[in-house]
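To keep things clear, I will list the structure first and then write my remarks on it.
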Amino acid sequence: MKRATRGHPLDIRDELRNRRINKKRARIERAFAVMKTVFSAGHLRVTTRARVAVKMIFTAFAFDLYHLHTISHREAT
Numbered sequence: 001m002k003r004a005t006r007g008h009p010l011d012i013r014d015e016l017r018n019r020r021i022n023k024k025r026a027r028i029e030r031a032f033a034v035m036k037t038v039f040s041a042g043h044l045r046v047t048t049r050a051r052v053a054v055k056m057i058f059t060a061f062a063f064d065l066y067h068l069h070t071i072s073h074r075e076a077t
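Going by the UniProt record's numbering, the final residue of the sequence shown carries number 77, and the count climbs one at a time with no gaps.
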């Protein structure tokens with residue numbers, strides 16, 4: 001995405017481009033934000049790439065279960 005700077009606002013084409021990108025990006029960014037805050041996955045205390053990959057897989061699985069619980073709770077009420 002492009003950003004405006006002091007004295008140089010975005011033109012209309014860049015604003016429309018940012019909106020197009022934002023629609024795709026918002027769904028994914030929310031998932032990572034939840035993983036970071038709820039599951040403390042912002043900083044990993046493992047040393048190898050393989051361990052990081054395994055930890056992120058488990059975090060993603062936990063997020064899916066968390067999301068499933070939220071959806072099922074919302075439908076029940």
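A virtual CB, placed ideally from N, CA and C, is assigned to each residue, including glycine.
Computed from a prediction, not measured in an experiment: that's the story for all the values here.
Range covered by the alpha helix (DSSP H) that runs through residue i
i: residue 14; result: 12-38
i: residue 67; result: 49-76
Beta-bridge pairing of residue i - partner residues as DSSP gives them
i: residue 8; result: 5
Residue of the options minimising C-alpha distance to residue i
i: residue 15; options: 45, 3, 48, 66; result: 3
i: residue 23; options: 1, 48, 71; result: 1
Whole-number beta carbon distance between residue j and residue i, since they are thought to touch under 8 Å
i: residue 35; j: residue 63; result: 5 Å
i: residue 55; j: residue 44; result: 6 Å
i: residue 38; j: residue 46; result: About 19 Å separates the two Cβ atoms, so there is no contact after all.
Where residue i falls, given that 16 or more other Cβ within 10 Å makes a residue buried
i: residue 59; result: buried
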